[in-house]
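A.B. asks:
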Amino acid sequence: SAVEKKIRGPQIRNLLEAKDFILFDCDGVIWHGETAITGAAKVVSSLIRHGKNVVFVTNNCTRPRENYVHKFYRLGFTDVMLEQIFSSSYCSALYLRDVVKIRGQVFEADEPDATIYDCALAEDVKAVLVGHDDKLTFLKLAKASCYLRDPDCLFLATDNDPWHPLSGGRILPGSGSLTAALEVSSGRKATVIGKPSRFMFECISSQFSGVEPAQCLMIGDRLETDMLFGSNCGFDTMLTLTGVSQLEEAQEYRDSELAANHSLVPDYVVDSIADFLPAFEELDDEQSN
Numbered sequence: 001s002a003v004e005k006k007i008r009g010p011q012i013r014n015l016l017e018a019k020d021f022i023l024f025d026c027d028g029v030i031w032h033g034e035t036a037i038t039g040a041a042k043v044v045s046s047l048i049r050h051g052k053n054v055v056f057v058t059n060n061c062t063r064p065r066e067n068y069v070h071k072f073y074r075l076g077f078t079d080v081m082l083e084q085i086f087s088s089s090y091c092s093a094l095y096l097r098d099v100v101k102i103r104g105q106v107f108e109a110d111e112p113d114a115t116i117y118d119c120a121l122a123e124d125v126k127a128v129l130v131g132h133d134d135k136l137t138f139l140k141l142a143k144a145s146c147y148l149r150d151p152d153c154l155f156l157a158t159d160n161d162p163w164h165p166l167s168g169g170r171i172l173p174g175s176g177s178l179t180a181a182l183e184v185s186s187g188r189k190a191t192v193i194g195k196p197s198r199f200m201f202e203c204i205s206s207q208f209s210g211v212e213p214a215q216c217l218m219i220g221d222r223l224e225t226d227m228l229f230g231s232n233c234g235f236d237t238m239l240t241l242t243g244v245s246q247l248e249e250a251q252e253y254r255d256s257e258l259a260a261n262h263s264l265v266p267d268y269v270v271d272s273i274a275d276f277l278p279a280f281e282e283l284d285d286e287q288s289n
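As numbered in our numbering, residues 1 to 289 make up the sequence shown, in order.
Below is the structure:
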């Protein structure tokens with residue numbers, strides 16, 4: 001199986017020729033924080049130059065899509081456009097607008113000294129959406145729990161990511177940890193919009209016509225989100241070893257007795273997306289001959 005051996009130039013070239021849509025996760029695949037992964041900008045521009053539809057699918061919901069375009073540009077990715085970026089917050093907004101067609105208010109700021117005993121609770125809240133929030137307060141958690149007592153109030157989460165790596169061995173708790181707190185206090189389960197949920201793909205296909213899962217390749221660094229997302233959507237998947245998950249974990253999932261774990265096994269593995277570069281050189285040689 002693919003997990004034993006990483007794929008190389010000629011195989012990568014054949015794979016890319018067979019795919020029209022290349023979906024990338026960002027952190028751990030394209031960059032680490034404020035540093036682009038070596039060769040990544042060249043890979044992205046080569047894919048675009050060879051007529052591939054390149055989209056970026058990220059569970060990071062802390063910044064608007066415009067900020068992503070600026071970040072890509074800042075890190076040397078000069079041909080990435082707004083339309084190519086699908087974040088869990090953007091997809092959550094589309095979900096609220098187009099799928100459940102919610103009209104009305106989403107959130108309001110609190111009085112500085114308010115507590116759950118005396119704060120204002122808005123009437124008729126139609127949805128609680130949990131995203132990454134480094135300003136989480138006990139009051140926010142308490143109010144959200146109150147709103148969710150109404151069975152007609154939707155409970156949504158941008159993503160289920162448990163944590164994100166920081167430098168120096170520290171970690172940043174992810175949206176999934178905040179959602180878990182609210183799931184316990186409300187006794188309800190959230191509908192997750194981001195990867196590995198299929199909704200991210202529905203969001204992409206609503207914006208691009210004629211996306212066939214068989215023509216898609218999902219490239220990511222986290223087995224539990226990126227590979228499972230690809231598997232849920234019917235895409236081929238590729239693990240790049242520049243981020244969170246490593247080869248040993250993929251092998252453990254592959255050898256697992258639990259059939260569900262087999263959805264977390266990548267179809268292909270590369271050390272880094274820079275491994276694509278020799279494939280383009282071959283393609284360019286063929287085209288110029």
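Glycine residues also receive a C-beta, built at the ideal position from the N, C-alpha and C atoms.
None of the values given here were measured: they were computed from a predicted structure.
On a CA-only basis, which of L223, T225 and E212 is nearest G234? Give me that one, please.
C.D. replies: Residue numbering aside, residue 234 sits at position 234 when the sequence shown is read from its first letter. Nearest C-alpha to G234: E212.
A.B. asks: Rounding to the nearest angstrom, what Cα-Cα distance links S205 and S89 in this structure?
C.D. replies: By one-based count along the sequence shown, residue 205 stands at place 205. By one-based count along the sequence shown, residue 89 stands at place 89. Taking the straight line from one Cα to the other gives about 17 Å.
A.B. asks: According to DSSP, N53 sits in a beta bridge with which residue or residues?
C.D. replies: Reading the sequence shown from its first residue, position 53 is the one you call residue 53. Paired residues: F21.
A.B. asks: Of all the options D161, E281 and D118, which has the alpha carbon lying nearest to the alpha carbon of H132?
C.D. replies: Your numbering for residue 132 matches position 132 in the sequence shown. For H132, the nearest C-alpha among the options comes from D161.
A.B. asks: Do you know how far the Cα of T115 is from the Cα of R254?
C.D. replies: Stepping through the sequence shown from its first residue, residue 254 is reached at position 254. Stepping through the sequence shown from its first residue, residue 115 is reached at position 115. One C-alpha to the other measures close to 49 Å.
A.B. asks: With a 10 Å radius around its C-beta and 16 neighbouring C-beta atoms as the bar for buried, classify W163 as buried or exposed.
C.D. replies: In the sequence shown, counting from the first residue as 1, residue 163 sits at position 163. Under this definition W163 is an exposed residue.
A.B. asks: Going by the CB atoms, is the gap between T240 and S272 shorter than 8 Å?
C.D. replies: Position 272 of the sequence shown, counting from 1, holds the residue named residue 272. Position 240 of the sequence shown, counting from 1, holds the residue named residue 240. In contact: S272 and T240 (Cβ atoms closer than 8 Å).
A.B. asks: Beta carbon of A157, beta carbon of V192: below 8 Å?
C.D. replies: Taking the sequence shown and counting its residues from 1, the one referred to as residue 157 is at position 157. Taking the sequence shown and counting its residues from 1, the one referred to as residue 192 is at position 192. Their beta carbons are under 8 Å apart, which means A157 touches V192 by this criterion.
A.B. asks: Can you tell me where the alpha helix (DSSP H) with C325 in it begins and where it stops?
C.D. replies: The shown model of the chain, from 1 to 289, leaves out residue 325, and the question about it has no answer.
A.B. asks: According to DSSP, is P162 helix, strand or coil?
C.D. replies: Residue 162 sits at position 162 when you count from the first residue of the sequence shown. Looking at P162 - three-state DSSP - the assignment turns out to be coil, as it is neither helix nor strand.
A.B. asks: Whose C-beta lies closer than 7 Å to the C-beta of T242 among residues of the same chain, with five residues either side of it excluded?
C.D. replies: For this step, residue 242 is matched to residue 242 along the sequence shown. Around T242: G28, V29, I37, D221 and S272.
A.B. asks: At a cut-off of 7 Å, would you count S46 as near the ligand ATP, judging by its Cβ distance to the nearest heavy atom?
C.D. replies: Ligands in the displayed structure: none, and consequently the ligand ATP is not present.
A.B. asks: Using DSSP bridges, identify the partner residues of T58.
C.D. replies: Along the sequence shown, one-based indexing puts residue 58 at 58. DSSP, once it has assigned bridges, lists S87 as partnering T58.
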